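Residue numbers (the working numbering), protein chains in the order written: chain U, 132 to 531; chain Z, 132 to 531. Each residue gets a CB set at the ideal place from its N, CA and C atoms; glycine is no exception. Bear in mind the structure is a predicted one, so any value in this text is a computation, not a measurement.
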DNA sequence: GAGTGTTTATTTGGAATCTAAATTTAGTTC
DNA sequence: GAACTAAATTTAGATTCCAAATAAACACTC
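Written out as structure tokens, the structure reads:
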């Protein structure tokens, strides 16, 4: 599509086509009459737009119209449908120890997935990129999709990313390498790569298909190993100056902790301490070392006193964090996400109870059902957002 | 202007007119050629649009073109200019004890002002409205403007206001009366009234004409009597679910304070405590009661030890607040605003020094030059934003 | 002061896009 | 097969844009 700088008559078609496309994304097969009703366009225009979009490859016309619908009379309507396989998007979760890639069609259906570990935590940048690229190619190959058909890629990383997708502050492992993933994948595959903070993607993901569906003001806390959060206000992600919005490290100043550990990390640590100290009681069921967070939750469920004390402590800590967030951000809902979320349900009650002590505007608290795929789900959503916003500027590999 | 639901040819003119208007708002008298260069439109279209806007009354054509510019050759260009007096906006600061109203032209120039005290803190709603209305009429009368020429009104109140301008949570004095200012002024005067939290308006104001010009990620703390803040991220105000975003009451959980006092309130209180306790030393210059915050700042400047200790304490407290904000919101700049701002400059150094202890992403800190007019300045900006966004849907009282 | 050059205003023609209304097409119902 | 229905297509008219040509107003030079 040609670029449009000022208001030219072509802008109209652009607007109309966007409206029709939006409607089709939200529907199954549709008739022209339905398009007219949804968009307010006249029949002539609606048909012209549909034909336009067909030629570009974004939608297709169905055969066998008779097979559809329960209508009886009159000339049978043509039916159009989003060509959900006209292209694909990739959602990536680039963690410390592994890379995960999800292939999604244009309706957001995940149709492929691949995951590959990094050999070690501190491998060189190009090797890291090679692993990521290989994982992406594996995932694409698994669904028989060509790299040319990838319309956008979104990658989540555990570093602050500003709203332009730049990693400014070097932090954690990422800064050590400063892998320029955007340039690398653009050069190798010609892909458009969007970078985003993993907690921010978790927020997008959970708002799309998690506990926060339909909620415009929500904070999603990735709470397993470290605490980080993605903040959505009025449906928009908060970034801050350098992408650092949503950091929760101010807990340090309350408890003097050196870093912001998440639920799983703390459960493990506190359990290990309790075992080492050989306090009066229990945690009998655990091996003396290598205690896993899930074991602590399980023991608490079985009535183990020490484990329950740990959960109490966890709940209080989370209530403090959520209380502070509730006060300053005032979300409607706070979601606890990440791998630990499936266990964290038992914390909801205690957290809600204590929350009132720490804020006068307590948010609802929930756990995300998305588990550890919360970041890739968000990455897919982010890539789809880009594609949906830029559809009419994108060219498909196979238009006709 | 007729409402447009779908993409009709009139939409084009709308877009073009908007672009021309935006350019004219940012310029003095302009020629058609300048409009062409700024908007990309052709001469014919630019002229048509200008004539359109003239007919609606938003711009005017200048006589005596010869008088302008340093150009020499060719046919003299017609010159157009924003009709900055085509209508007015009102910016209101509705405080606990008084109401202030500023009249502004369409270029944002304050041309009138009036202020009226409320007889007592707890007067009935209708009386409160009557005072506000009377203040507005006084301000308008002062500049010879008719109520019909008011295009929008924005009022700042010390209560949470959500992004739709609704006061949800009843809080402080406001909730006691629940004055429905929007409906009252609409019914009485036919005005469109936008409600907004006072700290949010302070943020808009300071970003417009204060210390935060050009900064997209900024937090403005109204810090005189109570602490409240307005958060702007990516140029957009944060509201949260019920308009409560920007509350800073989580300090409570650090120091066990019952409410969130601001700088002036604390300076006064701590000074009074020091005097009552008759500690070892000084504050000699103050009367034993009725200590004012400014006196504390003045005494500190003169080397008074107790006063300096109070400032140290204030700086530490502010550093904690700003530290927490810096971490979770990550703004580029934090501005201290309100009446106390002019004295608070001496705190900037100590605050910046301590800030590093409380966050790893410290923001720059500044004081606002807007003093206690920061809220009305923001209210004017907010009302202008509304007018500028809706210009083509508004009708002027005197078009031709 | 007549000729030349520059800049702007105005007019004309053409293209894209929308709406609205009339006409054709393809099927159902009786 | 005639009447009816709903969708598709065609045609006409309006709006708005761009592009190019023409006209006007002024300055500068000789």
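Among the residues of chain U, none has a CB under 9 angstroms from the CB of residue 519 of chain Z; the nearest is roughly 18 angstroms distant. For residue 492 of chain Z, the nearest CB of chain U lies under 9 angstroms from its own CB, placing it at the interface with that chain. Any Cβ of chain U closer than 9 angstroms to the Cβ of residue 183 of chain Z would place that residue at the interface, and such an atom is absent. If one requires a minimum length of 4 residues, the alpha helix (DSSP H) runs lying completely within the segment 327-397 of chain Z are 329-340 and 382-386, in chain order. Fewer than three beta-carbon pairs drawn from the segment 362-369 of chain U and the segment 482-489 of chain U are found closer than 8 angstroms, and the two stretches are therefore not classed as touching. From the beta-carbon of residue 158 of chain Z, no residue of chain U is found nearer than 7 angstroms; the closest lies around 18 angstroms away.
Counting C-beta pairs with one atom in each stretch, the segment 311-328 of chain U and the segment 446-457 of chain U have fewer than three that are closer than 8 angstroms, which means they do not touch. Beta-bridge partners assigned by DSSP to residue 211 of chain Z: Z:161 and Z:192. As a beta-bridge residue in DSSP terms, residue 219 of chain Z pairs with Z:281. Within chain Z, the residues 137 have their CB atoms less than 7 angstroms from the CB of residue 170 of chain U, given in chain order. Between residue 342 of chain Z and residue 498 of chain Z the beta-carbon gap is near 7 angstroms, inside 8 angstroms, which marks them as a contact. Counting along the chain, the unbroken beta strand (DSSP E) around residue 241 of chain Z starts and ends at 241-248.
Contact check for residue 374 of chain Z against residue 493 of chain Z fails: the beta carbons are separated by 9 angstroms or more. With a beta-carbon spacing of about 17 angstroms, residue 345 of chain U and residue 362 of chain U fall beyond the 8 angstroms limit used to define contacts. With contacts defined as CB atoms closer than 9 angstroms, residue 330 of chain Z and residue 475 of chain Z fail to qualify as a contacting pair. Beta-carbon to beta-carbon, residue 284 of chain U and residue 323 of chain U are separated by about 7 angstroms, close enough to satisfy the 8 angstroms threshold. Buried is the label assigned to residue 426 of chain Z, since at least 16 other Cβ atoms lie within 10 Å of its Cβ. Around the beta carbon of residue 321 of chain Z, fewer than 16 other beta carbons sit within 10 angstroms, so the residue counts as exposed. Its chain contains 431 as the residues whose beta carbon lies nearer than 6 angstroms to that of residue 442 of chain U, once the 5 sequence neighbours on both sides are disregarded; these appear in chain order. Residue 461 of chain Z and residue 348 of chain Z have their C-alpha atoms spaced approximately 8 angstroms apart. The DSSP-derived three-state label of residue 152 of chain U is helix.
Boundaries of the beta strand (DSSP E) harbouring residue 229 of chain U: 229-235, taken from the DSSP string. Comparing alpha carbon positions, the residue from Z:333, Z:296, Z:521 and Z:527 closest to residue 149 of chain Z is Z:521. Residue 142 of chain U reaches chain Z at 138, 142, 143 and 146, counting residues in chain order whose Cβ is nearer than 9 angstroms. The count of Cβ pairs closer than 8 angstroms, one atom from the segment 506-526 of chain U and one from the segment 333-342 of chain U, reaches three, so the stretches are in contact. Contact annotation: residue 214 of chain U and residue 222 of chain U have beta-carbon atoms that are not nearer than 9 angstroms. Burial state of residue 193 of chain U is exposed, judged by a 10 Å Cβ sphere holding fewer than 16 other Cβ atoms. The alpha-carbon of residue 437 of chain U is positioned some 8 angstroms away from that of residue 402 of chain U.
In this structure, residue 394 of chain U lies near residue 424 of chain U, with their beta-carbon atoms less than 9 angstroms apart.
Legend: CB atoms of the segment 453-477 of chain Z lying less than 9 angstroms from CB atoms of chain U belong to residues 454, 455, 456, 457, 458, 459, 460, 461, 462, 463 and 464. Residues are counted here when their Cβ sits less than 8 angstroms from a Cβ of chain U; for the segment 264-284 of chain Z the count is zero.
Looking at the DSSP output, residue 495 of chain U sits in a beta bridge with U:464. Taking C-beta atoms as the reference points, residue 297 of chain Z and residue 212 of chain Z fail to come closer than 9 angstroms.
Neighbours of residue 444 of chain U in chain Z, taken as residues at a C-beta separation under 8 angstroms, are lacking, since the least C-beta distance is about 16 angstroms. Between residue 525 of chain Z and residue 325 of chain U, the alpha-carbon positions lie close to 40 angstroms from each other.
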